[in-house]
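The next block holds one structure in the form of structure tokens; read it before the comments.
Residue numbers (our numbering): -10 to 360.
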């Protein structure tokens, strides 16, 4: 399988039907194996707010959210991701979603009453890549807690920021998401134009989702934003004080890609959660795409801190519309992990460029080396 988008014959056809107008990523539904243990992690440790809960399901939201939930925890036998959910601009966009994906021959389900509590009419599809997606407009409003400073904690999570999806053919995934109306803000490439990852957005930030290379379809992480980087440090301090620091997989640190300050955690089932802050505005129509050299490891961590191998290899299973695990396709070409991890553990820059500094002039340089 090639990763060169100009040479790949394995592409998803572009539908003639218009795509639904996606506003933003809205929520993720996770299947967890021990609901109480997961509640302890997401509510007592990360302080997400409970909107509603029963014996099998917990609906959570962040502090500044006004829709019913940003994260759903559902009891099940095996950990998995049931849906990546997006809000659309109007109820009429649901008709477009049905036509768009039916033209592609994808499984489509529509519910007038919604599939989960708090969500009105919704459409769920298994997209051509194998990911379970939901589109909705109608939703119950709840109290936005932005002014409830009496409820804020030092590590308060204020917004759902993005998803990150793993797929073996990144250019194929990127092209389909572009057909869906998403735009690339940043990507990682090598000299041959091989694309290893791409960050794509609908709202005017760096991304609503990212497509990263690897065995898939799988979910790499779901990300929540804090106001400042000191909020992330407070989460680390809290985890340490509770003797829960083994939940920290990577970070804290600053990404080159997105420029954001980050922390990666693993929940009790191994689902990866990123805590994220301080990326940048991308809403102008001529916002330039930033391309990073795959050999420049400052793209992943601006300070050059090594990336743990599990970050490249481990991800969550996704389910189809019937609730069955979607088999992961194995990536057959070079992976980013193989390119960037060498005999010494990790490579820092392109071989021969160890003494060079990154070049920044967009249009004449890629980040990390001269074109």
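Don't be surprised by glycine CBs; every beta carbon is placed ideally from N, CA and C.
Being a predicted model, the structure only gives us computed values, none of them experimental.
Stretch-stretch touch, CB-based, cutoff 8 Å, three pairs: the stretch 195 to 205 with the stretch 158 to 171: yes
Span separating the alpha-carbon of residue 109 from that of residue 262: 27 Å
Beta-carbon gap between residue 113 and residue 104 smaller than 8 Å: The answer is yes: Cβ separation under 8 Å.
Residue nearest to residue 76 in terms of C-alpha spacing, selected from 69, 86, 26 and 68: 86
Complete beta strand (DSSP E) runs within the stretch 221 to 246 (minimum length 3 residues, chain order): 237 to 243
Beta-carbon spacing of residue 31, residue 24 below 8 Å: no
According to DSSP, residues forming a beta bridge with residue 188: 175 and 199
Nearest residue (CA-CA) to residue 73, options 290, 175 and 125: 125
At least 3 beta-carbon pairs within less than 8 Å: the stretch 177 to 193 vs the stretch 271 to 286: yes
Distance between beta carbons of residue 305 and residue 260, contact taken as under 8 Å: In this structure residue 260 is in contact with residue 305, their Cβ atoms being roughly 5 Å apart against a cut-off of 8 Å.
Which listed residue (35, 54, 89 and 269) has its alpha carbon closest to that of residue 166: 89
DSSP three-state assignment for residue 274, whether helix, strand or coil: coil
Rounded straight-line distance, which links the Cα of residue 246 to that of residue 60: 25 Å
Three-state secondary structure (DSSP) of residue 31: Helix.
Proximal residues to residue 193 (C-beta, below 7 Å), its chain only, five neighbours per side dropped: 270, 271 and 272
Cutoff 8 Å; reference residue 40; Cβ partners in own chain excluding five residues on either side: Within the same chain, residue 40 has close Cβ partners 48, 49, 50, 57, 58, 107 and 131.
Beta-carbon spacing of residue 239, residue 296 below 8 Å: A contact, by the Cβ cut-off of 8 Å.
Residue 160 - DSSP class collapsed to helix/strand/coil: helix
First through last residue of the alpha helix (DSSP H) which encompasses residue 85: 82 to 92
C-alpha distance - residue 28 paired with residue 135, whole-angstrom precision: 22 Å
Cross-strand partners of residue 301 (DSSP beta bridge): Looking at the DSSP assignment, residue 301 forms no beta bridge with any residue, so it has no partner.
Three or more C-beta pairs below 8 Å linking the stretch 12 to 23 and the stretch 135 to 155: Counting Cβ pairs under 8 Å, three or more are found: they touch.
Chain-order list of residues whose beta-carbon lies under 6 Å from that of residue 176 (same chain, five-residue window excluded): When the five nearest sequence neighbours on each side are left out, the beta carbons in the same chain lying within less than 6 Å of the beta carbon of residue 176 are those of 184, 187 and 280, in order along the chain.
Assigned exposure category for residue 334 - 16 Cβ within 10 Å defines buried: With a pLDDT of 34 at residue 334, under the threshold of 50, the modelled position of that residue is not reliable, and no figure is offered here.
Proximity test, residue 78 beta-carbon vs the ligand NAD heavy atom, cut-off 7 Å: As far as ligands go, the structure on display features none, and thus does not contain the ligand NAD.
Which of helix, strand or coil DSSP assigns to residue 106: The answer is coil: DSSP assigns residue 106 none of H, G, I, E or B.
Per-residue DSSP class, three states only, for residue 59: In the structure shown, residue 59 adopts coil according to DSSP, grouped into three states.
Alpha-carbon spacing of residue 287 relative to residue 293, whole angstroms: 5 Å
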